[in-house]
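**Student:** Note that my numbering gives residue 174 to position 164 of the sequence shown, counting from 1, and the numbers run on in steps of one. Built from N, CA and C at the ideal position, the CB exists for glycine as well. A quick note: this is a predicted structure, and the numbers were derived from the prediction, not measured.
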Amino acid sequence: WGVGEHKLPGGNWMRKEQCNFGWDWGPMLTTAGIWRPLELVAFDHARLRDVHTLQDHSGAGPVRLTHRVAVERHDEALLVLSVQVLDPSGVVVAAEQLPMQGQAAELLLAVQHPRLWWPNGLGDQPLYMVVTELREKNGAPLDRHTQRIGLRTLRLDRHPDEWGESFRFVVNGVPFFAKGANWIPADTLLERLTREDYARLLRDAAAVHMNMLRVWGGGIYEEDVFYDLCDELGICVWQDFMFACAAYPTFDSEWMETVHHEVEDNVRRLRHHACLALWCGNNELEQGLVGDAWTEHTMSWADYSKLFDQMIPEIVHRLDPETDYWPSSPHTPVGDRRFFNDPRSGDAHIWDVWHGKQPFEFYRTCFHRFISEFGFQSFPEPRTVYAFTEPRDRNITSYVMEHHQRSGIGNSTIIHYMLSWYRLPTSFEDILWLSQIQQGMAMKYAVEHWRRNMPRSMGTLYWQLNDCWPAPSWSSIDYYGRWKALHYLARRFYAPVLISGVEDAKTGTVTVHATNDRVHPVTGTVRWWVTRTGGTLLDQGRLDWTAPALSSHQVTTLTLTPLLADPGPRDLIVWLAWEVDGETVSEDLVLFARPKHLELMDPEVQVEVAEASDGVFAVTLQAMRPALWAWLEVTEMNVRWSDNFVNLRPGTTRVLTGALTQPLPLDEFRQRLQVRSLVDTYA
Numbered sequence: 011w012g013v014g015e016h017k018l019p020g021g022n023w024m025r026k027e028q029c030n031f032g033w034d035w036g037p038m039l040t041t042a043g044i045w046r047p048l049e050l051v052a053f054d055h056a057r058l059r060d061v062h063t064l065q066d067h068s069g070a071g072p073v074r075l076t077h078r079v080a081v082e083r084h085d086e087a088l089l090v091l092s093v094q095v096l097d098p099s100g101v102v103v104a105a106e107q108l109p110m111q112g113q114a115a116e117l118l119l120a121v122q123h124p125r126l127w128w129p130n131g132l133g134d135q136p137l138y139m140v141v142t143e144l145r146e147k148n149g150a151p152l153d154r155h156t157q158r159i160g161l162r163t164l165r166l167d168r169h170p171d172e173w174g175e176s177f178r179f180v181v182n183g184v185p186f187f188a189k190g191a192n193w194i195p196a197d198t199l200l201e202r203l204t205r206e207d208y209a210r211l212l213r214d215a216a217a218v219h220m221n222m223l224r225v226w227g228g229g230i231y232e233e234d235v236f237y238d239l240c241d242e243l244g245i246c247v248w249q250d251f252m253f254a255c256a257a258y259p260t261f262d263s264e265w266m267e268t269v270h271h272e273v274e275d276n277v278r279r280l281r282h283h284a285c286l287a288l289w290c291g292n293n294e295l296e297q298g299l300v301g302d303a304w305t306e307h308t309m310s311w312a313d314y315s316k317l318f319d320q321m322i323p324e325i326v327h328r329l330d331p332e333t334d335y336w337p338s339s340p341h342t343p344v345g346d347r348r349f350f351n352d353p354r355s356g357d358a359h360i361w362d363v364w365h366g367k368q369p370f371e372f373y374r375t376c377f378h379r380f381i382s383e384f385g386f387q388s389f390p391e392p393r394t395v396y397a398f399t400e401p402r403d404r405n406i407t408s409y410v411m412e413h414h415q416r417s418g419i420g421n422s423t424i425i426h427y428m429l430s431w432y433r434l435p436t437s438f439e440d441i442l443w444l445s446q447i448q449q450g451m452a453m454k455y456a457v458e459h460w461r462r463n464m465p466r467s468m469g470t471l472y473w474q475l476n477d478c479w480p481a482p483s484w485s486s487i488d489y490y491g492r493w494k495a496l497h498y499l500a501r502r503f504y505a506p507v508l509i510s511g512v513e514d515a516k517t518g519t520v521t522v523h524a525t526n527d528r529v530h531p532v533t534g535t536v537r538w539w540v541t542r543t544g545g546t547l548l549d550q551g552r553l554d555w556t557a558p559a560l561s562s563h564q565v566t567t568l569t570l571t572p573l574l575a576d577p578g579p580r581d582l583i584v585w586l587a588w589e590v591d592g593e594t595v596s597e598d599l600v601l602f603a604r605p606k607h608l609e610l611m612d613p614e615v616q617v618e619v620a621e622a623s624d625g626v627f628a629v630t631l632q633a634m635r636p637a638l639w640a641w642l643e644v645t646e647m648n649v650r651w652s653d654n655f656v657n658l659r660p661g662t663t664r665v666l667t668g669a670l671t672q673p674l675p676l677d678e679f680r681q682r683l684q685v686r687s688l689v690d691t692y693a
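#1: Can you tell which of Val595, Arg604, Ser562, Ser596 has its C-alpha closest to the C-alpha of Gly578?
#2: Straight-line CA distance for Arg205 to Asp234?
#3: Over what stretch of residues does the alpha helix (DSSP H) that includes Thr394 continue unbroken?
#4: Does the Cβ of His271 have 16 or more other Cβ atoms within 10 Å, making it buried, or fewer, making it exposed?
#5: Taking Cβ positions, are Val93 and Thr142 nearer each other than 8 Å?
#6: Report the CB separation of Ala254 from Asn293 in whole angstroms; it is logged as a contact under 8 Å.
#7: What residue range does the alpha helix (DSSP H) around His378 cover?
#8: DSSP on Ser339, reduced to helix/strand/coil?
#9: Would you report the Cα separation of Leu48 and Ala42, rounded to the nearest angstrom?
#10: Under the rule that 16 or more other beta-carbon atoms within 10 Å means buried, what is Val101, buried or exposed?
#11: If you count every other CB in all the chains shown that lies within 10 Å of the CB of Asp346, and 16 or more means buried, which is it?
#12: Taking 8 Å as the threshold (C-beta atoms), are Val395 and Leu317 in contact?
#13: Evaluate Asn30 with the Cβ neighbour count: other Cβ atoms within 10 Å of its Cβ, from every protein chain shown; 16 or more gives buried, anything less gives exposed.
#14: Residues in the same chain with beta-carbon distance under 7 Å from Phe438, minus the five sequence neighbours each way, listed in chain order, please.
#15: Provide the residue span of the alpha helix (DSSP H) that contains Asn6, from first to last.
#16: Do you know whose CA, among Trp128, Leu674, Gln65, lies nearest Val644's CA?
#17: For the putative contact between Thr543 and Asp581, defined by C-beta atoms under 8 Å, what is the C-beta separation to the nearest angstrom?
#18: Measuring alpha carbon to alpha carbon, tell me which of Thr691, Gly661, Phe177, Asn648 ends up nearest Leu670.
#19: Does at least one heavy atom of the ligand SAH sit under 7 Å from the Cβ of Ala256?
#20: Buried or exposed for Ser467, going by 16 or more other Cβ atoms inside 10 Å?
#21: How big is the Cα-Cα spacing for Gln28 and Gly229?
#22: What residue range is occupied by the uninterrupted alpha helix (DSSP H) comprising Gly511?
#23: With a 10 Å radius around its C-beta and 16 neighbouring C-beta atoms as the bar for buried, classify Ile44 as buried or exposed.
#24: Nearest to Leu164 by CA position, among Asn526, His283, Trp460, is which residue?
#25: Exposed or buried, His497, counting other C-beta atoms within 10 Å across all chains shown (16 or more means buried)?
#26: What is the rounded straight-line gap between the Cα of Pro129 and the Cα of Val218?
#27: Based on the DSSP secondary-structure assignment, which residues constitute the bridge partners of Asn192?
#28: Report yes if the CB atom of Val754 is closer than 8 Å to the CB atom of Pro136, and no otherwise.
#29: Are the Cβ atoms of Gly511 and Val584 separated by less than 8 Å?
#30: For Ala397, does the count of other Cβ atoms within 10 angstroms reach 16, so buried, or fall short, so exposed?
#31: Would you mind giving the Cβ-Cβ distance between Lys147 and Val90, rounded to the nearest angstrom? I have them listed as a contact below 8 Å.
#32: Using 8 Å as the limit for Cβ to Cβ distance, is Gln672 near chain C?
#33: Give a yes or no on contact between the stretch 647-665 and the stretch 517-537, applying the rule of three or more CB pairs nearer than 8 Å.
#34: If you check the beta carbons only, do Asp313 and Phe261 fall under 8 Å apart?
#35: Are the CB atoms of Val665 and Val617 nearer to each other than 8 Å?
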């Protein structure tokens, strides 16, 4: 919170990337100086100062555009203002021009047969180019401005319902479950980042079905390329203003004037983006105001209100009326705002698991409307750790490992949960890998629960997508772009069609749920198998099921009381699958005992390798006995797998493809390939 013994003198006065002063996932490495391009603009007669296109989607048919233009000029000479709208293929679909003698103008256009922009997984992302030109009366060009827009409506819907007040995003009239993560600055030294760095991370987010990222308020207003790519990929952006976990001097008029310019500038810069879903005032300030952290501070609710209830929302409503404003995250609009994380309304940060040491099952007791932060740490994989350690450092309690762990409770909390869930690994590398499996399972418990509870819960943004340096953290993609187990699991628990099971040891049952994020019904077959840990089949069944669009329903309840008596919970595995058109689209694994207590045996995984195409290899896996969280790695090579950390049921075949970043002969690929599973971490 930057207070008390952790107070950073002046940090809350400077309008600078706050996490540069250190955070619990990044180093204190405070940069200084001009780090973004500056330009000096000169003009003779007039120039375009501001351009804004408003959309009207009321009624069927065309989308009506109101194109507002502000001009800076030295004289009152007659000018000509023109605007063209080009469709995604470059064809002009609307155009208008008018003579202009003042400093502001408004042009009305209509786009016939509009192609709407949709979030990832709900449709396509067509982008239209709006070209604005300012000319002298004789046709001589003065200025030109281009901007890409998506034709869509995207609003935060809050209305009274049976649970309190809804908190859901609605695009083009369709409510959708927000699936995503929190975004932090992608490098401690930001100027090192390239367009390709942004593209890689954002493509990786889209690849696991994410449709929203929250740009967290302790970092930066991101580069234009970030929002351009989100437009293209269908990733909606929850945009925090850059205020986080600190008291701010709103009593100082000069500071407030600086912030006023900052907010106006960024709203004008970003408001045209199709991806922009929400403006949010800050990160966790309301939480701090009612906690114990600010005992030395004088920021009152009145001081808070000056900025987040008055100045910022006034600017947003004036400059970007098509995007909603939310004062803080977390925030509850029902009842007393001091009771943040109220499950009846608003958004919540759920940290009882991890910070509160609650078990993973605790998530299933939380029925909040939108969960904008929750997370669990893991170590990066061995290759990443090797990049910042010498062999003598490769112990999680070494100085170097603890230095890279910026959370004061990080390593001990990872081990605390590991002792509860898993058998203690036998090597340093196995601790790293197992921590990733553990992280993935924590997030799976949470996300699947909240997806089962749609429409009551309508969004999950886990903490966090990315890293700013190589270190243990809550990320699902490490600093070098390597996917952790969590990111592979996210591809499954964020899949548009999801099967999930909930065990109840008291009743001896598993309730099976089907969740469908698609805008149309999905018909398929739900299947289940019950095996012993050695692979013996004890029971199986199937049920045809049609899942309504944009919904989650309980499909059936499996009663396993006799099997829990004999052979017992430590010798029982429940496998679930949802098949659509003969293809398995979702799977789940349900256990009645902690993995550390399962009587797992060597799965004897059979492996076949073939070259699928240039640089892509197909690995066929077949296990003689259950192989839990089986993962593939290729020694000293970066590989992007089609899936990883998979559960292999005996009698089934799984084909995983791996794309290499460097050429490698087939024989050498075979030699370097390693296939391991949970039992290998301790056996």
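**Tutor:** Answer, in terms of the structure:
#1: Arg604
#2: 10 Å
#3: 392-396
#4: exposed
#5: yes
#6: 4 Å
#7: Premise fails: His378 is in no alpha helix (DSSP H) and is neither H nor E.
#8: strand
#9: 15 Å
#10: exposed
#11: exposed
#12: no
#13: buried
#14: Arg404, Asn405
#15: The structure shown does not extend to residue 6, since the chain is modelled only from 11 to 693, so the question has no answer here.
#16: Leu674
#17: 5 Å
#18: Asn648
#19: Only the bare structure without any ligand can be found here, which leaves the ligand SAH out of the picture.
#20: buried
#21: 6 Å
#22: Counting along the chain, Gly511 falls outside any alpha helix (DSSP H), though it belongs to the beta strand (DSSP E) covering 507-514.
#23: exposed
#24: His283
#25: buried
#26: 13 Å
#27: Arg224
#28: Given that the chain is displayed from residue 11 to residue 693, the structure contains no residue 754 and the question cannot be resolved.
#29: yes
#30: exposed
#31: 6 Å
#32: Included in the structure is just one protein chain, with no chain C present.
#33: no
#34: yes
#35: no
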